[in-house]
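Chains as they are written, first to last, in numbering that gives the first Met the number 0: chain L, 0 to 381; chain R, 0 to 381. Using N, Cα and C, we set each Cβ at its ideal position, and we do this for glycine too. To keep things clear, I will list the structure first and then write my remarks on it.
There are 2 protein chains.
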Amino acid sequence: MTQAVRHDSMRARNLELVLGETARRGPLTRAALAELTGLTKSTVSKLVGDLLDAGFLTETGPTRAGERGRPGVEVVLSGGRVAALGLEVNVDYLAVCLLDLTSTVRFAERHECDNRASDPAEVLGELQKLAHRALGEAHDLTVAGAVLAVSGPVGDGVVFSAPNLGWRDVRAADLLRLPVPVSLDNEANLGALGERWFGAGPADFLFVSGEVGIGAGLVVDSALFRGARGLAGELGHVVVSPTGPRCRCGATGCLETYAGQEALLAAASVPTVAALLTALDARDATATAALAAAGEALGLALTSAVNVLDFDHIVLGGIFGPLFPWLGPAAQRVLAARLSRLRGSVPVLAPSTVGGDAATLGAAGRTIHRVLANPGPYLGRI
Amino acid sequence: MTQAVRHDSMRARNLELVLGETARRGPLTRAALAELTGLTKSTVSKLVGDLLDAGFLTETGPTRAGERGRPGVEVVLSGGRVAALGLEVNVDYLAVCLLDLTSTVRFAERHECDNRASDPAEVLGELQKLAHRALGEAHDLTVAGAVLAVSGPVGDGVVFSAPNLGWRDVRAADLLRLPVPVSLDNEANLGALGERWFGAGPADFLFVSGEVGIGAGLVVDSALFRGARGLAGELGHVVVSPTGPRCRCGATGCLETYAGQEALLAAASVPTVAALLTALDARDATATAALAAAGEALGLALTSAVNVLDFDHIVLGGIFGPLFPWLGPAAQRVLAARLSRLRGSVPVLAPSTVGGDAATLGAAGRTIHRVLANPGPYLGRI
DNA sequence: TTCAATTAGTTCACGTTATAGACTAAATAT
DNA sequence: ATATTTAGTCTATAACGTGAACTAATTGAA
């Protein structure tokens, strides 16, 4: 349901507009902002003034345009007011990062550890320590919030199931006691946002997160598409071949049984992802064949996803990122074979450009974007 | 990109809000509207006054509440101001309907004819005659626009490909000369909207349109989801079995090769859908088995779609509507077998409650909703 | 029957916000 | 030096929603 518009929401909306344009298009004069937003110069002046006072923007001095007329004074996003915390629990590590409003990394740390079949309280306690170190680096910045990335379906502060960690129904947002609001999201969703904001993700694309399970983050018009219940993107259980191997979900021939981490390692006869990469680098035939087969299965699942959702770009992240050279071409071939006639073009498949930090950065970025979209609450103080 | 908010857009927004609530929740007093929208009584009075003046609303006299206090005067949507035209070109018929703002059908006609491998200009000429009959029934109503439903991918007034009609790259919106703005949309999309507005479609569901091809309309939060290029919903080419029969799209084992109209008729050894229904009613073993097999394939494709998009409700339309008793149970079984463990619940599969008129009604409904969402342009006149 | 209580709807002074255009400021071109 | 051009500010104004006072119409109790 939509809300009534009053003067204050009108103002909030226009503040967001000015702040958003400045964030998106770098240094901008008031005149340029007026042109871009369609607001008048006077209105822009007033809004920019308020954002300067609040510490969200700073002036960078007069432009040296070399053109006729009075040079404008450019304003840019200021990193000195608000920060955001990004957290991630992965199978092999805990990660934390602190970003300011300009998306500059103020602090980042990764703690390598094995979280397989772990105790949620213990792991989150360890993460809390990391988070406090990051908060210490915030100094005088207001930390607007923290977002935690976990793989597997989540909702309303609860991890329903994280197969790689062995967690079920963990109230992670509550367990992680922090002096800032904590929220929770799926690692694939946050990875997708990370790729959009910090990598090469276009406005519409499908981000695939290959881990023990295979998740997907759907980005539509630069925003996450979450589906009716918030559980969209279960790419791992898309049907690849109805008569295929049995999956832990109870079905058969799901993508996960072909390209999930466990299936990959078993097919390549190696114990770890690191060993798999070594084998591939050494041109091991079994490993290479295993990856090509997995790539084909991935291509089939992506074909179905593209048919339903009409994506032109697909980014492979998680372990599929480093494995891309061996997995990507096969998947791309399947996509080309099955989609070129119908669509006229073939979706572009590419590895993540952000790499392993996509989800952590995306997590922090979510808060950054929340603040940029609604600076009101932070406007009074300074 | 979002737009700046000025006084006029604030007003437009609140007008939409008042009009929308009245449309959604039936007769409402000004006091109730104030409560619902969060606007003050004075604002609501002013907005309702304008909508009454413009002929969008009418007062239905004082309420007989029986409670203490002055009884309120209820207002309802008025059908006497604006109408909308819905058009459809199907393989077996042309259809037209005229709806007023209250979604009351003012005129509807269906012209049975065989449009297989037809000449676009000829067919659209015939449709134009029908449309003019409908426009004649509009009398003093302003017809705000016409929307034409065609099966297959469309975009910007052009039918890219309608396999059932044999059309390719037809500029249908231009060919159909009408005295009102004409736009074009996919039959599956409009069927989905028809089911949402005139049938039992919930706020989030997948509408499947079974015809020669199999399309899907994705409804998310009561709005269509069109994908990056507007071509979302190609359910017919979702992978059911990678080694299956060759499809006209160049791939193999697409859903269409199992459950497309041609595949169905061939498997059941009947020449037409009518004959298929007769055979099924007569408990013909071949036909029954063919439908069960198609249902399983449909179930597999829907499994993939649900995994990616997280739908809880699926509505089967087009020829799948009448075929539901023979096709639905098998599909539902596959969905249950493959999704229950992972999701905890199984998506509900149901036949369309609107039937064959879903797309035509959806087409007219699109214009109705466009006007309700932006009554401004029609406010001055009366 | 009368009057208090209650709810609906209108009116109007007011506050907030964006606008338009005049005005000042600072550069380049002639 | 002066005209021209562009940036930014200032002020009066208009649009719109708000809030409180006010009128209207009903029920219920004395």
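Please report the distance separating the alpha-carbon of R:A265 from that of R:C246. Straight across, the Cα-Cα distance linking R:A265 with R:C246 is about 14 Å.
Touch check for the stretch 196-207 of chain L and the stretch 111-127 of chain L: three-plus C-beta pairs under 8 Å? In short, these stretches do not touch, since the Cβ pair count stays below three.
Distance between beta carbons of L:E255 and L:G383, contact taken as under 8 Å: The first residue shown for chain L is 0 and the last is 381, placing residue 383 of chain L beyond what the model contains.
Going along chain L, which residues have a C-beta under 9 Å from R:D309? Going along chain L in sequence order, the residues near R:D309 (Cβ under 9 Å) are R225, G226, A227, R228, G229, L230, A231, G232 and E233.
Could you tell me whether the stretch 325-336 of chain R touches the stretch 279-295 of chain R, using the rule of 3 or more Cβ pairs below 8 Å? Judged by Cβ distances under 8 Å, the stretch 325-336 of chain R makes contact with the stretch 279-295 of chain R, as three or more pairs qualify.
Taking all protein chains shown into account, do 16 or more other C-beta atoms lie within 10 angstroms of the C-beta of R:R29, making it buried, or fewer, making it exposed? R:R29 counts as buried, since no fewer than 16 other beta carbons sit within 10 angstroms of its beta carbon.
Range of the contiguous beta strand (DSSP E) that encloses L:G66: Looking at the sequence shown, residue 66 of chain L is not Gly but Glu. For L:E66, no beta strand (DSSP E) run applies, since DSSP gives it neither H nor E.
So what's L:V307 in DSSP terms, helix, strand or just coil? Under the three-state reduction of DSSP, L:V307 is assigned to helix.
For a contact meaning CB atoms closer than 8 Å, what does L:A292 contact in chain R? The contacting residues do not exist; L:A292 stays about 12 Å from chain R at best.
C-beta contact flag for R:V237 and R:S303 at 8 Å: Going by C-beta atoms, R:V237 is nearer than 8 Å to R:S303.
Any chance the stretch 165-176 of chain R sits against the stretch 337-345 of chain R, with 3 or more Cβ pairs inside 8 Å? Proximity of the stretch 165-176 of chain R to the stretch 337-345 of chain R falls short of the contact definition, fewer than three beta-carbon pairs being nearer than 8 Å.
Looking at C-beta atoms only, is the number of pairs between the stretch 145-155 of chain L and the stretch 352-366 of chain L that lie closer than 8 Å three or more? Verdict: yes, contact present.
Within 8 Å of any Cβ in chain L, is that where the Cβ of R:C248 sits? Interface with chain L (8 Å Cβ-Cβ cutoff): R:C248 is included.
Could you check whether the stretch 149-167 of chain L touches the stretch 109-124 of chain L, counting it as contact only if at least three pairs of C-beta atoms, one from each stretch, sit closer than 8 Å? The stretch 149-167 of chain L makes contact with the stretch 109-124 of chain L, as at least three CB pairs between them are under 8 Å.
Provide the residue span of the alpha helix (DSSP H) that contains L:A171, from first to last. Its alpha helix (DSSP H) spans residues A171 to L174.
Decide if the stretch 314-321 of chain R is in contact with the stretch 40-55 of chain R; the criterion is three or more beta carbon pairs, one per stretch, under 8 Å apart. The answer is no - the stretch 40-55 of chain R does not touch the stretch 314-321 of chain R, with fewer than three Cβ pairs under 8 Å.
Min CB distance L:A304 to chain R below 8 Å: At least one beta carbon of chain R lies nearer than 8 Å to the beta carbon of L:A304.
Looking at the C-beta of R:S240, does it have a partner C-beta in chain L at a distance below 8 Å? At least one chain L Cβ lies under 8 Å of R:S240.
Can you list, in chain order, the residues of its chain with a C-beta nearer than 7 Å to that of L:P241? Leave out the 5 residues immediately preceding and following it. Within the same chain, Cβ atoms closer than 7 Å to the Cβ of L:P241 are found at T251 and G252, the five residues on either side in sequence being excluded.
Output the distance between the C-alpha atoms of L:A3 and R:G37, rounded to the nearest integer angstrom. Their backbone Cα atoms lie some 6 Å apart in a straight line.
Could you work out which residues of chain R lie near L:G37, taking near to mean beta carbons separated by less than 8 Å? What L:G37 touches in chain R: Q2 and A3.
Nearest CA to the CA of L:P180: which residue from L:D155, L:G71, L:P201 and L:L338? Comparing Cα positions, the closest option is L:D155.
According to DSSP, simplified to helix, strand and coil, what is L:L348? DSSP places L:L348 in strand when its eight states are reduced to three.
Would R:G316 pass as a contact of R:F224 if the rule is Cβ separation under 8 Å? Remark: C-beta atoms of R:G316 and R:F224 do not approach each other more closely than 8 Å.
Taking 8 Å as the CB-CB limit, is R:V370 close to chain L? It does not; no Cβ of chain L falls within 8 Å.
Under 8 Å by Cβ, that's how I've got L:G259 and L:V211 pegged, so tell me the actual separation to the nearest angstrom. Rounded, the Cβ-Cβ distance is 6 Å, consistent with contact.
At a CB-CB cut-off below 7 Å, which residues of chain L make contact with R:N13? Under the 7 Å cutoff, chain L gives A3 and V4.
Comparing the C-beta of L:I381 with each C-beta of chain R, is any distance below 8 Å? For L:I381, the predicted model reports a pLDDT of 36, less than 50, meaning its position is unreliable; a value from the coordinates is still stated below. Judged by the 8 Å Cβ criterion, L:I381 is not in contact with chain R.
Relative to the C-alpha of L:A82, which residue among L:A31, L:S150, L:Y377 and L:T141 is closest? Considering only alpha carbons, the answer is L:T141.
Terminal residues of the alpha helix (DSSP H) in which L:V333 lies: Where L:V333 is concerned, the enclosing alpha helix (DSSP H) stretches over F323 to R342.
Applying the criterion that 16 or more other CB atoms from any shown protein chain within 10 Å of the CB defines a buried residue, is R:G85 buried or exposed? Buried is the call here.
Comparing alpha-carbon positions, which option in R:A202, R:E34, R:T103 and R:E233 lies nearest R:A300? Closest in alpha carbon position to R:A300, among R:A202, R:E34, R:T103 and R:E233, is R:E233.
Please decide whether L:D203 counts as near chain R, where near means a Cβ-Cβ distance under 8 Å. The beta carbon of L:D203 falls within 8 Å of a beta carbon belonging to chain R, placing the residue at that interface.
Starting from L:D113, trace the alpha helix (DSSP H) both ways and give me its first and last residue. No residue range can be given for L:D113, since it is assigned to no alpha helix (DSSP H) and is classified by DSSP as neither H nor E.
Using a Cβ-Cβ distance under 8 Å, would L:V219 count as near chain R? Chain R places a beta carbon closer than 8 Å to that of L:V219, counting this residue as a contact.
Measuring straight from C-alpha to C-alpha, what distance separates L:V157 and L:V169? Here the alpha carbons of L:V169 and L:V157 stand approximately 5 Å from one another.
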